[in-house]
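Asks: In the numbering used here, the protein residues as written are -3 to 187. Quick reminder that beta carbons are idealized off the backbone N, C-alpha and C, glycines included. One structure, pasted below without further comment.
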Amino acid sequence: MLRSDGDYGIVGLNGSAFPGMMARMGTYKRHVPDLDAYHERARTGPCFVCGIVAGDPDFAGHHVVYEDDDALAFLNRWPTQRGYALVVPREHREQATADFTVEEYLALQRVVYRVAEAVREEVGAERMYVMSLGSNQGNTHVHWHVVPLPPGTPYDEQQFAALTWETAGALDVPEDEKAALAARIGCRMGG
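What follows is the structure, encoded as structure tokens:
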């Protein structure tokens, strides 16, 4: 698990410090969301993606960076990295490949690419991580995570260490800053 070491450092489960992570993220504090509540809602609650697509206020806080008739992209509500976005099909689909025709899949991947490039251009990134996660047992609506790795991130803070709440923590970014970032990313996409 992650714990805060004052305002400027992160300490992992093994006691190792990640002071560079906070320095690269500015002055944002980090926290670990209530994982039990998150998993309970993911497994037993309504589909969060369908809620966002429908504009359900219970799923507010995901600032949209792009939308068209088939896809939606928005900032992660609890990002581990600044600019962390998700790309989703508007229609509820559960399998990353089997629920799409080749043409539908490639159209979504074009959106993933465009979002990744807009995020990379806006926040800077040593590398862009792109992955589809989720489970048939929770968060079933297929979605792609688009995550920028800040330049200069030490190797032991990269990959899964940079992606999970347990190791990286969620950034406490004020809503107005998330909205402004989403607008800038959207502008880079021509929106």
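1) Evaluate contact between the segment 150 to 161 and the segment 59 to 71, counting only Cβ atoms and requiring at least three cross-stretch pairs below 8 Å.
2) Helix, strand or coil for residue 80, going by three-state DSSP, please let me know.
3) Go ahead and pull the three-state DSSP assignment for residue 112.
4) Return the Cβ separation of residue 184 and residue 114 in integer angstroms, given the expectation that the two are a contact with Cβ distance under 8 Å.
5) To the nearest angstrom, how far is it from the Cα of residue 28 to the Cα of residue 172?
6) Can you tell me the Cα-Cα spacing of residue 150 and residue 122, whole angstroms?
7) Roughly how many whole angstroms lie between the Cα atoms of residue 32 and residue 38?
8) Going by beta-carbon coordinates alone, are residue 167 and residue 34 separated by less than 7 Å?
Replies: Reading off the structure:
1) no
2) coil
3) helix
4) 4 Å
5) 21 Å
6) 11 Å
7) 10 Å
8) no
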